[in-house]
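In the numbering used here, the protein residues as written are 318 to 646. We put the beta carbon where it would ideally sit given N, CA and C, even for glycine. Report on the structure given below.
The following block contains the structure:
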């Protein structure tokens with residue numbers, strides 16, 4: 318097992334602080350150039366669209382984590398309200414909402430429904446912002462950790478990403494198919510850099526600068542079978558951070574709950590790849606992506622590259638964001 322001295326050596330090797338200027342808050346998204354976006358668009362040959370997001374609802378994967386709950390969906394106006402207000406609206410003159418809604422109903426035949434959602438921003442398919450994880454009181458590019466306050470992230474928030482939009486060439490590396498397992502990669506056998514190379518070779522696809530790499534571990538398919546959001550499965554070994562750095566990957570996402578392997582191989586550190594990617598490299602992580610249908614299509618036609626469009630919500634100061642990524646082939 319590696320220790321913190323090994324971890325710090327790797328951190329020094331992959332750190333991108335200052336690479337794109339002292340004020341940079343985009344990190345490896347800077348690798349997505351205009352040429353890369355144009356290349357990604359050229360990959361669309363058939364107009365096939367794959368939505369990679371999962372449902373945001375009460376049956377989501379967050380039930381096992383007490384600090385993150387599944388989304389709560391609430392109707393604020395519905396058809397029953399419309400009928401009731403027509404009958405009783407005049408009796409609720411002290412209620413501003415009732416008065417306003419009653420006025421809409423009285424004005425003509427138009428009716429409407431409204432709703433709201435209460436949820437952690439990382440409740441299901443999501444991006445981790447660069448301000449999500451830090452260590453030794455520093456965020457990516459050396460920004461102070463205390464710049465994230467109860468009001469939100471002053472530096473490296475998800476809203477800073479909007480100028481790039483996160484669209485690029487996507488590459489799927491299907492580890493489930495590489496390993497020949499039925500559903501998912503079980504805990505106890507982390508995904509190594511050598512496996513990432515082997516997956517690319519076996520699929521006949523290259524991985525290059527500015528690409529967004531999607532890792533299929535099969536965890537989401539397993540969750541749909543069991544409903545157990547806390548069941549761990551294999552993820553990327555922490556040494557894959559160096560692989561991502563060497564290949565100049567713009568971002569990485571997976572179909573599991575934390576991209577990396579849940580059992581740390583660095584003594585004295587949890588989630589070492591999160592620290593290396595988000596804090597040192599400035600590389601965003603995507604979690605809970607549903608890659609099943611995309612993987613089936615890629616296996617059928619042998620094409621593992623596509624245009625990927627995955628912009629986060631522009632939530633001011635947020636350290637993560639829901640997303641419904643779209644792969645287009």
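The alpha helix (DSSP H) spanning residue i covers which residue range?
i	result
residue 324	321-331
residue 613	609-618
residue 492	492-496
residue 581	No alpha helix (DSSP H) holds residue 581; DSSP gives it neither H nor E.
residue 353	351-359
Restricting to Cα atoms, I'd like to know which of the options is closest to residue i.
i	options	result
residue 590	387, 447, 526	447
residue 493	507, 395, 481	507
residue 565	572, 571, 557	557
residue 322	622, 604, 635, 585	585
residue 520	635, 623, 374, 619	619
residue 634	466, 456, 336	466
residue 544	592, 362, 380	380
residue 324	587, 645, 626	587
residue 581	561, 555, 440, 346	555
residue 461	334, 328, 610	334
residue 384	439, 614, 626, 490	439
residue 430	572, 400, 553	400
residue 352	484, 318, 534	484
residue 622	525, 326, 571, 340	525
residue 541	428, 389, 553, 501	501
residue 562	328, 366, 631, 468	328
residue 453	437, 592, 344	592
residue 612	396, 374, 366, 636	366
residue 342	595, 642, 629, 607	595
residue 458	340, 636, 571	340
residue 535	421, 528, 497	497
residue 374	417, 319, 437	437
residue 523	432, 486, 389, 504	486
residue 509	480, 482, 528, 560	560
residue 553	513, 616, 477	513
residue 326	643, 625, 583	583
residue 469	421, 637, 478	637
residue 434	419, 387, 474	387
residue 639	614, 625, 606, 617	606
residue 643	482, 416, 425, 347	482
residue 625	320, 319, 358, 330	358
residue 478	320, 319, 318, 627	627
residue 527	319, 347, 318, 320	347
Would the C-beta of residue i count as close to the ligand MG, meaning under 6 Å from any of its heavy atoms?
i	result
residue 458	Annotation note on the ligand MG: not contained in the displayed structure, which lists no ligands.
Quick check on the DSSP output: the beta strand (DSSP E) that includes residue i runs from which residue to which?
i	result
residue 366	366-368
residue 644	643-645
Which residues share a DSSP beta bridge with residue i?
i	result
residue 523	For residue 523, which the question treats as bridged, DSSP gives no partner whatsoever.
residue 624	486, 645
residue 638	444
residue 604	443
residue 465	470
residue 503	550
residue 532	490, 571
residue 335	338
residue 587	None; residue 587 has no bridge partner.
residue 508	553
Our contact map puts residue i next to residue j with C-beta atoms below 8 Å; I'd like the distance itself, whole angstroms only.
i	j	result
residue 575	residue 604	6 Å
residue 297	residue 597	The structure shown does not extend to residue 297, since the chain is modelled only from 318 to 646, so the question has no answer here.
residue 463	residue 495	With a Cβ gap of about 43 Å, residue 463 and residue 495 do not count as contacting.
residue 609	residue 538	5 Å
residue 450	residue 488	Between residue 488 and residue 450 the Cβ distance is about 24 Å, and since that is not below 8 Å, they are no contact.
residue 567	residue 349	5 Å
residue 490	residue 442	About 18 Å separates the two Cβ atoms, so there is no contact after all.
residue 394	residue 645	That pair is no contact at about 35 Å.
residue 600	residue 338	About 17 Å; that fails the 8 Å criterion.
residue 533	residue 572	6 Å
residue 546	residue 413	Their Cβ separation, rounded to whole angstroms, is 40 Å, which puts residue 546 and residue 413 out of contact at 8 Å.
residue 391	residue 445	In fact, because the Cβ distance is near 27 Å, the residues do not count as touching under 8 Å.
residue 504	residue 579	7 Å
residue 475	residue 629	5 Å
Which whole runs of the beta strand (DSSP E) in the region 373-458 are 3 residues long or more, in chain order? 389-394, 431-435, 443-445
Runs of beta strand (DSSP E) lying entirely within the region 534-575, each at least 3 residues, in chain order: 568-571
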